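2 protein chains.
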Amino acid sequence: MNEIAANVLKEDPRAIARLITFTENGDFEASNAMKDIHRFTGNAHVIGVTGVMGGGKSTLICEIAREFRKKGKKVGIIAIDPTSPFSGGALLGDRVRMMELAMDKGVFIRSMGTRGMLGGLASAVYDVVEILDASGKDIILIETVGVGQAEVDIIKIADTTLVVLVPGLGDSVQTIKAGLMEIADIFIINKADRPGVNQTVAEVESLVDIECSNEDRRTPVLKTIAKEVNGIKELVQEIETHKKYLKNCKKFDIKRKKRYEAELVEIIRKRLMNFIFDESKFKDKVELLIDQIYKKEIDPYSAADKILGKILK
Amino acid sequence: MNEIAANVLKEDPRAIARLITFTENGDFEASNAMKDIHRFTGNAHVIGVTGVMGGGKSTLICEIAREFRKKGKKVGIIAIDPTSPFSGGALLGDRVRMMELAMDKGVFIRSMGTRGMLGGLASAVYDVVEILDASGKDIILIETVGVGQAEVDIIKIADTTLVVLVPGLGDSVQTIKAGLMEIADIFIINKADRPGVNQTVAEVESLVDIECSNEDRRTPVLKTIAKEVNGIKELVQEIETHKKYLKNCKKFDIKRKKRYEAELVEIIRKRLMNFIFDESKFKDKVELLIDQIYKKEIDPYSAADKILGKILK
Chain A
68 MNEIAANVLK EDPRAIARLI TFTENGDFEA SNAMKDIHRF TGNAHVIGVT
118 GVMGGGKSTL ICEIAREFRK KGKKVGIIAI DPTSPFSGGA LLGDRVRMME
168 LAMDKGVFIR SMGTRGMLGG LASAVYDVVE ILDASGKDII LIETVGVGQA
218 EVDIIKIADT TLVVLVPGLG DSVQTIKAGL MEIADIFIIN KADRPGVNQT
268 VAEVESLVDI ECSNEDRRTP VLKTIAKEVN GIKELVQEIE THKKYLKNCK
318 KFDIKRKKRY EAELVEIIRK RLMNFIFDES KFKDKVELLI DQIYKKEIDP
368 YSAADKILGK ILK
Chain C
68 MNEIAANVLK EDPRAIARLI TFTENGDFEA SNAMKDIHRF TGNAHVIGVT
118 GVMGGGKSTL ICEIAREFRK KGKKVGIIAI DPTSPFSGGA LLGDRVRMME
168 LAMDKGVFIR SMGTRGMLGG LASAVYDVVE ILDASGKDII LIETVGVGQA
218 EVDIIKIADT TLVVLVPGLG DSVQTIKAGL MEIADIFIIN KADRPGVNQT
268 VAEVESLVDI ECSNEDRRTP VLKTIAKEVN GIKELVQEIE THKKYLKNCK
318 KFDIKRKKRY EAELVEIIRK RLMNFIFDES KFKDKVELLI DQIYKKEIDP
368 YSAADKILGK ILK
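In the order they appear, the protein sequences are chains A and C. Each number in my numbering comes from the position in the first sequence (counting from 1) with 67 added on. Each number in my numbering comes from the position in the second sequence (counting from 1) with 67 added on.
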């Protein structure tokens with residue numbers, strides 16, 4: 068077995084961090100290690116956390132992690148939100164909270180950028196989930212930004228998706244209707260000490276009524292005040308109940324297969340793109356074609372045909 | 068020449084709409100038409116509009132479009148934001164505004180979903196830009212959601228990128244620092260009748276001071292009240308000034324080549340992914356591999372190797 072893979076399985080945090088960096092950089096070494104660890108994965112419960120900006124997702128994730136730690140579970144945290152306090156923008160109160168968490172040996176925190184990748188959710192996220200899973204984490208929490216492609220992708224990775232809202236929705240109701248509704252396994256109205264909380268709960272509940280009328284499970288709507296550790300126990304209980312539900316109705320297997328499919332798509336996409344756009348034997352050819360497209364000597368579709376003709380059997 | 072392509076060149080709105088739908092569906096007919104129209108493109112000024120949710124982007128786009136219409140320019144509008152009023156969620160005031168615009172023969176409006184695509188900004192956007200360009204639109208306005216991958220991608224398409232903010236930033240300052248700063252060609256503080264506008268302008272100006280200290284152009288920060296058509300003339304003037312700037316310093320060519328590169332990447336990605344995951348001769352094989360990954364009989368990286376080995380020369 069690959070040495071770094073062996074050390075990941077021994078839960079060595081330095082090996083975990085290194086393998087993640089290797090996968091982010093598309094290092095060749097990484098794929099060997101990834102091949103070795105796959106058969107030790109599949110135990111972690113992957114929880115996606117998304118929702119409106121300023122909803123307090125990071126604080127909530129901290130408190131969920133702490134609650135799971137009390138139950139003796141090991142926790143991994145992945146922040147894909149560039150504006151997340153985990154990514155460096157923490158206010159003082161949050162920073163203390165996160166420092167405490169980061170000191171805990173049963174917790175591994177990693178923040179990832181979304182920039183510079185050729186489309187899609189930070190493609191290395193699939194790898195990071197596998198690495199944390201193999202390293203014995205029971206719970207993996209993934210934080211993503213509020214709106215856009217990322218949420219659509221998170222549902223492919225997460226077993227359970229939490230959607231975080233705050234009182235006084237306004238624009239957010241549009242957002243929910245436009246996509247968050249379908250992906251939410253649990254709704255959380257955080258900052259529930261703010262005015263208007265009951266109206267917001269009622270609004271979300273009525274959306275849930277419409278959406279879940281034909282489902283065998285009704286999406287719960289919970290109130291939390293993460294900063295005061297209020298409602299967190301109940302939330303963690305709901306998360307565990309959701310996992311049991313998935314296991315009982317076999318949806319767990321379906322979700323996992325969807326994740327592996329998305330992961331396979333992503334690996335193949337990355338390989339092919341690197342093959343075409345990074346390998347030196349194609350690079351000059353591609354640059355020449357782009358120049359020709361610009362000069363209208365060829366169109367982009369015919370240029371693509373030419374490149375594909377060179378690489379496909 | 069392909070018939071639908073010929074009709075697009077004649078500015079027939081029905082042909083434009085049909086060709087867009089064909090490209091969205093990945094119809095084979097589409098690529099023939101796309102090949103035909105490319106040499107008639109390159110004239111449109113492509114303007115990306117992004118920024119915080121609730122910033123009034125759609126209203127602003129309406130007013131920018133109207134101002135360009137007064138100057139006799141033909142305008143295309145592409146809304147990629149699923150929460151955009153262009154996509155159906157308009158409040159009454161906005162709806163009247165947009166209806167008026169939609170009735171104007173010199174305007175073509177198209178809203179596009181971001182869901183269901185295998186990563187990246189709605190991949191068909193490149194095609195839609197080419198189609199609108201070929202159909203004689205002088206100005207193409209693209210609206211995207213506020214945070215995430217979409218903004219990073221928009222810079223590859225747009226010649227000029229507008230970042231829309233509102234007074235009382237709070238969280239938004241984080242957002243700007245986290246990525247919007249680099250992509251903004253013009254900052255707009257919309258809803259400038261709200262309290263705190265001067266402070267917000269000052270905050271953004273000081274960020275611009277830091278960012279642009281080594282640049283030959285300082286990113287302008289403009290105030291608008293789009294609902295009252297306030298500041299729009301000045302904004303459109305700045306947009307035109309930016310285009311002249313790009314032309315003068317040759318950055319226009321560089322931006323265009325980057326767009327064609329991104330477009331080429333996207334066409335190739337789409338072709339390859341369809342080839343592997345949609346063509347029936349691979350579909351069964353892929354499904355079998357996903358099942359094996361799930362059962363830990365194979366890992367995702369080795370599965371990817373197997374598929375790539377079958378298709379690559």
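Glycine is no exception: its CB is placed at the ideal position from the N, C-alpha and C atoms. Only a predicted model underlies this, so the values are computations on that prediction, with no experimental measurement involved.
Taking a C-beta distance under 9 Å as the contact criterion, Ile-224 of chain C and Ile-87 of chain C do not qualify as a contact pair. Within chain A, the residues whose beta carbon sits less than 7 Å from that of Arg-338 of chain C are Ala-371 and Leu-375, listed in sequence order.
Cβ-Cβ separation between Arg-85 of chain C and Ile-71 of chain C: approximately 6 Å, consistent with a contact (criterion under 8 Å). The residue from A:Met-170, A:Lys-140, A:Ser-280 and A:Val-196 with its alpha-carbon nearest to that of Met-179 of chain A is A:Val-196.
Shortest Cα-Cα distance from Ala-82 of chain C to any of C:Asn-257, C:Ile-145, C:Arg-338 and C:Ala-201 involves C:Ala-201. Residue environment: Asn-281 of chain C is assigned as exposed (fewer than 16 neighbouring CB atoms within 10 Å of its CB, all protein chains considered).
Across the region 321 to 338 of chain A, CB contacts with chain C closer than 7 Å involve Arg-323, Lys-324, Tyr-327, Glu-328, Glu-330, Leu-331, Val-332, Ile-334, Ile-335, Arg-336 and Arg-338, in sequence order along the chain. CA-CA distance, Cys-129 of chain A to Leu-208 of chain A, rounds to 10 Å. Secondary structure at Thr-117 of chain A: strand, using DSSP grouped into helix, strand and coil. For a Cβ distance threshold of 7 Å, residue set Val-332 of chain C lies close to Phe-344 of chain A, ordered along the chain. Leu-247 of chain C and Asp-276 of chain C have their C-alpha atoms spaced approximately 15 Å apart. Counting along the chain, no beta strand (DSSP E) covers Ala-370 of chain C; the unbroken alpha helix (DSSP H) around it starts and ends at 367 to 378. Taking C-alpha positions only, Ile-250 of chain A is separated from Gly-298 of chain A by approximately 22 Å.
By the Cβ test, the region 300 to 310 of chain C is not in contact with the region 336 to 346 of chain A, since fewer than three Cβ pairs between them sit closer than 8 Å.
Rounded to whole angstroms, the separation of the alpha carbons of Gly-235 of chain C and Asn-74 of chain A is 49 Å. A Cβ-Cβ distance of about 6 Å is found for the pair Lys-294 of chain C and Thr-126 of chain C, placing them in contact under the 8 Å criterion. According to DSSP, Lys-290 of chain A shares a beta bridge with A:Ile-256.
Assignment of Ile-306 of chain C by DSSP, reduced to helix, strand and coil, places it in the helix class.
Closer than 9 Å to the CB of Asp-226 of chain C there is not a single CB belonging to chain A. Comparing alpha-carbon positions, the option among C:Ser-98, C:Tyr-368, C:Ile-131 and C:Ala-111 lying closest to Val-231 of chain C turns out to be C:Ile-131.
If you look at Arg-323 of chain C, you'll find it in the alpha helix (DSSP H) that goes 318 to 344.
Interface annotation, Pro-287 of chain A: not in contact with chain C, CB-CB separation never under 9 Å.
Secondary structure note for Glu-210 of chain A: its beta strand (DSSP E) is the uninterrupted segment 206 to 210. Taking C-alpha positions only, Pro-367 of chain A is separated from Met-170 of chain C by approximately 33 Å. Excluding its 5 nearest sequence neighbours in each direction, Leu-313 of chain C has C-beta neighbours in its own chain below 8 Å: Asp-226, Thr-227, Phe-319 and Lys-322, listed in chain order. Within 10 angstroms of the beta-carbon of Val-271 of chain A lie 16 or more other beta-carbons, which makes it buried.
Annotation for Val-231 of chain A: the continuous beta strand (DSSP E) segment containing it runs 227 to 232.
If you draw a straight line from the Cα of Arg-336 of chain C to the Cα of Arg-336 of chain A, it is about 7 Å long. Taking C-beta separations shorter than 6 Å and ignoring five residues to either side along the sequence, the partners of Glu-91 of chain A in its chain run Ala-191, following chain order.
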